[in-house]
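Trainee:
Chains as they are written, first to last, in this note's numbering: chain B, 1 to 171; chain V, 1 to 252.
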């Protein structure tokens, strides 16, 4: 039975790409919450879904399993955890840079993400943060559509270079 | 022994999200603008994901050999426990938006109240869903204000939708025997306890939208939670369940 260090396991999973945004890994996105050895032989992976209806979740689970198997891990147990709910604040700094290089504006940090502070009327606190265009760097941009090509993105347009771009929504 | 009360209560939660998700999917490829098409289908996807969480939990409580897919695709109309509001046809776009606003305001209040559920798993599903649903509400209130306070044509259509759908808005707040048992067990609050905040929120949005809120004391339709539905649900299920009915046990 070959044992792998924690670094080796995390390194292995950092090669598993998100199927819809292949520029970032499941580790960059904060989907993998923990990696531990159970009874010294089973590798337990705790993952958390991004959006509850995200169609990539199943593929992600399978890809993680395959990656660990090809590393040589024999017994793998993948558990899904709902709480604490996934937030884009868990995205790594490296992940944010990769998104930007890929042409997707990285998410702003969630403003006081306490659930109790959600404005339920949806009428107040509407000031949107300045989103930087990933093409030309201008902050002179505007929201085109609250939903984009996937549940996790919104569509923006740069007023300076006129290019439309995806914005990863703070969640 | 199976916890029948909690099972039935989870079906109500799962069926509300499932049926509304199916309705919204009917707009796929037919939205009035590309942005709207994407928004409705993304919201439908969130609701479908939430429904999967509720129905999986129901299946686990039931402990038989059917899973969430079995519950979604192999139950008949009278075994569905969603409120009548979510099965109403899409109508014009104003109708779809007002239905969504009525639901989103209730859904947000209800999920917030579930964060303190005595059942940890229910509280976790609520925590996960609430983040998605608060975005839905932001969008539906935005659009109701924009179209209500828009052109004469959009205002007239929005007010008509508000009035026509009003009688389906009250069922979410009617307590029945199951609701009382569930509230006693502190799994969920009494539906009636959310009513005043719902009215206040809707009133706030309608004021900005220049729309008139119908009477709080209006007579309300009910029956969906107990399995008595409008004629629309059967057609919806016929389409949604077609594959499993025609090819039983078909899988990917």
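C-beta: ideal position from N, C-alpha, C; glycine also. These figures come from a predicted structure and were not determined experimentally.
Is the beta carbon of residue 185 of chain V less than 8 Å from the beta carbon of residue 140 of chain V?
Mentor: The answer is no: Cβ separation not under 8 Å.
Trainee: For residue 121 of chain V, which residues in the same chain have their Cβ closer than 7 Å to its Cβ, ignoring the five residues on either side in sequence?
Mentor: Within the same chain, residue 121 of chain V has close Cβ partners 57.
Trainee: Quick check: the stretch 136-153 of chain V against the stretch 206-217 of chain V, are at least 3 beta-carbon pairs closer than 8 Å?
Mentor: Output reads yes: the stretch 136-153 of chain V touches the stretch 206-217 of chain V.
Trainee: For residue 260 of chain V, which option in V:12, V:174, V:224, V:16 has the closest C-alpha, if you only look at C-alpha atoms?
Mentor: Nothing about residue 260 of chain V can be read from this structure; chain V reaches only from 1 to 252.
Trainee: For residue 50 of chain B, count neighbouring C-beta atoms within 10 Å of its own C-beta (all shown protein chains included) and say buried if the count is 16 or more, exposed if not.
Mentor: Residue 50 of chain B is buried by the Cβ-count criterion.
Trainee: Would you tell me roughly how many angstroms separate the C-alpha atoms of residue 44 of chain V and residue 28 of chain V, rounded to the nearest one?
Mentor: One C-alpha to the other measures close to 10 Å.
Trainee: Taking only beta-carbon positions, decide if residue 54 of chain B is within less than 8 Å of chain V.
Mentor: Closer than 8 Å to some Cβ of chain V, the Cβ of residue 54 of chain B qualifies, so yes.
Trainee: Go ahead and pull the three-state DSSP assignment for residue 75 of chain B.
Mentor: Three-state result, residue 75 of chain B: strand.
Trainee: What residue range is occupied by the uninterrupted beta strand (DSSP E) comprising residue 167 of chain B?
Mentor: From DSSP, the beta strand (DSSP E) with residue 167 of chain B extends over 164-168.
Trainee: Taking the alpha carbon of residue 240 of chain V as the reference point, which residue from V:72, V:7, V:4, V:61 has its own alpha carbon closest?
Mentor: Looking at the Cα atoms, V:72 is the closest of the given residues.
Trainee: Can you tell me whether residue 117 of chain B is buried or exposed, with buried defined as 16 or more other CB within 10 angstroms of its CB?
Mentor: With a pLDDT of only 42 at residue 117 of chain B, under the threshold of 50, the placement of this residue in the model should not be trusted, and no figure is reported.
Trainee: My guess is that residue 24 of chain B and residue 99 of chain B are in contact by the Cβ rule of under 8 Å, so how many angstroms apart are they, rounded?
Mentor: With a Cβ gap of about 6 Å, residue 24 of chain B and residue 99 of chain B count as contacting.
Trainee: Would you mind sorting residue 9 of chain V into buried or exposed? The rule is 16 or more other CB atoms within 10 Å of its CB.
Mentor: Flag for residue 9 of chain V reads buried.
Trainee: Could you tell me the distance, in whole angstroms, from the CA atom of residue 93 of chain B to the CA atom of residue 102 of chain V?
Mentor: Distance between the alpha carbons of residue 93 of chain B and residue 102 of chain V is about 39 Å.
Trainee: For the 8 Å Cβ check, are there 3 or more pairs between the stretch 60-78 of chain V and the stretch 161-170 of chain B?
Mentor: Judged by Cβ distances under 8 Å, the stretch 60-78 of chain V makes no contact with the stretch 161-170 of chain B, as fewer than three pairs qualify.
Trainee: Tell me which residues share the same chain as residue 138 of chain B and place their Cβ nearer than 6 Å to its Cβ, disregarding the 5 neighbours each side in the sequence.
Mentor: Correct list, in chain order: 158, 160.
Trainee: Among V:221, V:7, V:11, V:23, which one has its Cα closest to the Cα of residue 234 of chain V?
Mentor: For the residues V:221, V:7, V:11, V:23, the minimum Cα distance to residue 234 of chain V belongs to V:23.
Trainee: Name, going along the chain, the residues of the stretch 28-39 of chain V whose beta-carbon falls closer than 7 Å to a beta-carbon of chain B.
Mentor: Within the stretch 28-39 of chain V, the residues whose Cβ lies closer than 7 Å to some Cβ of chain B are 35, 38, 39, listed in chain order.
Trainee: What are the start and end residues of each continuous alpha helix (DSSP H) run of 4 or more residues lying completely inside the stretch 42-109 of chain V, in chain order?
Mentor: Runs found: 68-73, 84-87.
Trainee: Which of the three DSSP states, helix, strand or coil, is assigned to residue 156 of chain B?
Mentor: It is a strand residue.
Trainee: For a quick check, are the C-beta atoms of residue 103 of chain B and residue 28 of chain B less than 8 Å apart?
Mentor: Result no, Cβ atoms of residue 103 of chain B and residue 28 of chain B do not sit closer than 8 Å.
Trainee: Starting from the beta carbon of residue 129 of chain V, find every residue of chain B whose beta carbon is closer than 8 Å, and list them in chain order.
Mentor: Within 8 Å Cβ-Cβ: 52.
Trainee: Under the three-state reduction of DSSP, which class applies to residue 121 of chain B: helix, strand or coil?
Mentor: Only weak support exists for where residue 121 of chain B lies, its pLDDT of 49 falling under 50; the value from the coordinates is given anyway. Residue state, collapsed to three classes: coil.
Trainee: If you compare alpha carbons, which of B:62, B:34, B:4, B:56 is closest to residue 90 of chain B?
Mentor: Checked all of B:62, B:34, B:4, B:56; the closest Cα to residue 90 of chain B is B:34.
Trainee: Between residue 13 of chain V and residue 154 of chain V, what straight-line distance do the alpha-carbon atoms span, to the nearest angstrom?
Mentor: If you take the alpha carbons of residue 13 of chain V and residue 154 of chain V, they lie about 32 Å apart.
Trainee: Rounded to whole angstroms, what is the Cα-Cα separation between residue 4 of chain V and residue 7 of chain B?
Mentor: Cα-Cα distance, rounded: 47 Å.
Trainee: Taking residue 42 of chain V as the query, report the chain B residues whose CB atoms sit under 7 Å from its CB, ordered along the chain.
Mentor: Simply 147, 151.
Trainee: Select from V:166, V:170, V:191 the residue whose C-alpha is nearest the C-alpha of residue 178 of chain V.
Mentor: When only C-alpha atoms are compared, the closest one is V:191.
Trainee: Hey, does residue 85 of chain B have any beta-carbon neighbour from chain V nearer than 8 Å?
Mentor: With 8 Å as the cut-off, residue 85 of chain B counts as an interface residue toward chain V.
Trainee: How many whole angstroms separate the CB atoms of residue 132 of chain B and residue 105 of chain B, which I take to be in contact at a CB cut-off of 8 Å?
Mentor: Right, the Cβ-Cβ distance comes to about 6 Å (below 8 Å), so this counts as a contact.
Trainee: Considering just the uninterrupted stretch of the beta strand (DSSP E) at residue 37 of chain B, what are its terminal residues?
Mentor: Unbroken beta strand (DSSP E) run through residue 37 of chain B: 32-38.
Trainee: Can you look up residue 17 of chain B in the DSSP assignment and give me helix, strand or coil?
Mentor: It is a strand residue.
Trainee: Can you give the Cα-Cα distance for residue 246 of chain V and residue 75 of chain V, rounded to whole angstroms?
Mentor: Whole-angstrom Cα-Cα distance: 14 Å.
Trainee: Since residue 64 of chain V and residue 20 of chain V are thought to touch, with beta carbons under 8 Å apart, how far apart are those beta carbons, to the nearest angstrom?
Mentor: The pair is not a contact, with the Cβ atoms about 26 Å apart (cut-off 8 Å).
Trainee: Compare the beta carbon distance of residue 227 of chain V and residue 79 of chain V with 8 Å and say whether it is the shorter of the two.
Mentor: Result yes, Cβ atoms of residue 227 of chain V and residue 79 of chain V sit closer than 8 Å.
Trainee: At the level of alpha carbons, what is the spacing between residue 185 of chain B and residue 19 of chain B?
Mentor: Coverage of chain B is limited to positions 1 through 171, which leaves residue 185 of chain B absent and any answer about it impossible.
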